[in-house]
Structures are given as structure tokens and as C-alpha cells.
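What follows is one structure encoded as C-alpha cells, with my remarks underneath.
In UniProt numbering, the protein residues as written are 1 to 100.
As C-alpha cells, then:
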């Protein structure tokens, strides 16, 4: 019943968006303060994942809606690999500014 209340679901969405925004801010700080620990781009991130060097993976949900099946599978494998190695995965909503 609680989740049927639109104000509750809106607050939950705000909480998720706040977490996404915080994760993005942490990434940007790392880019400034310790750029050797911040990777972006599929090839670099895959290599970091293979080395079990990803603490937190930030990825947009739009990558999982690609019409290219191989591309979609590539991102699923990446996410699964990071989780299997104990990393955290933040999937950003493309409907929120943090996921753009």
C-alpha cells in the first residue's frame, strides 16, 4: 500500500537520484585529485575490471537498451564482472540529469 502512494514513490526516486548524484560527484573529485584511479571509456573500464580494480562502476541505463545485442551483452558482462569481484554498480537513470 505504501508504494501505491505517489508521494512515497517520488521520495524514493529522489533518494535514488541523490545517490546517483553523490556517486557522480565522487567520480569527478577522483578525476581531479587522483586521476590514475578514475577510468572511463569501455576499453579502459573493461581492462580495469579484468584487473579487479573497480570499486564503483557508474553506467547509464540507456546502454542496456541498445538495439545492438552484442553491445548490450558487453555491458551486462562488465556489470556482472564488477559485482562478482565485490565492486558496487550504480546504474544511472537516463531520465535524470545524472544519467545523461
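A virtual CB, placed ideally from N, CA and C, is assigned to each residue, including glycine.
This one's a predicted model, so the numbers in the text were calculated from it and none came from an experiment.
Cβ pair residue i, residue j closer than 9 Å
i          : j          : result
residue 39 : residue 54 : yes
residue 26 : residue 52 : no
residue 73 : residue 19 : no
residue 92 : residue 59 : yes
residue 32 : residue 61 : no
Cβ shell of residue i (< 7 Å), same chain only, five flanking positions each side left out
i          : result
residue 83 : 89
residue 30 : 37, 38
Whole-angstrom distance between residue j and residue i, CA atom to CA atom
i          : j          : result
residue 49 : residue 77 : 10 Å
residue 22 : residue 28 : 10 Å
residue 66 : residue 79 : 15 Å
residue 36 : residue 42 : 16 Å
residue 24 : residue 47 : 21 Å
Whole-number beta carbon distance between residue j and residue i, since they are thought to touch under 8 Å
i          : j          : result
residue 87 : residue 63 : The pair is not a contact, with the Cβ atoms about 17 Å apart (cut-off 8 Å).
Contacting residues, own chain, Cβ-Cβ under 8 Å from residue i (five flanking each side not counted)
i          : result
residue 71 : 63
> Mind pulling the beta strand (DSSP E) runs of 3 or more residues that sit fully within the UniProt domain "eRF1" (18 to 100)?
Replying inline: 56 to 60, 88 to 92
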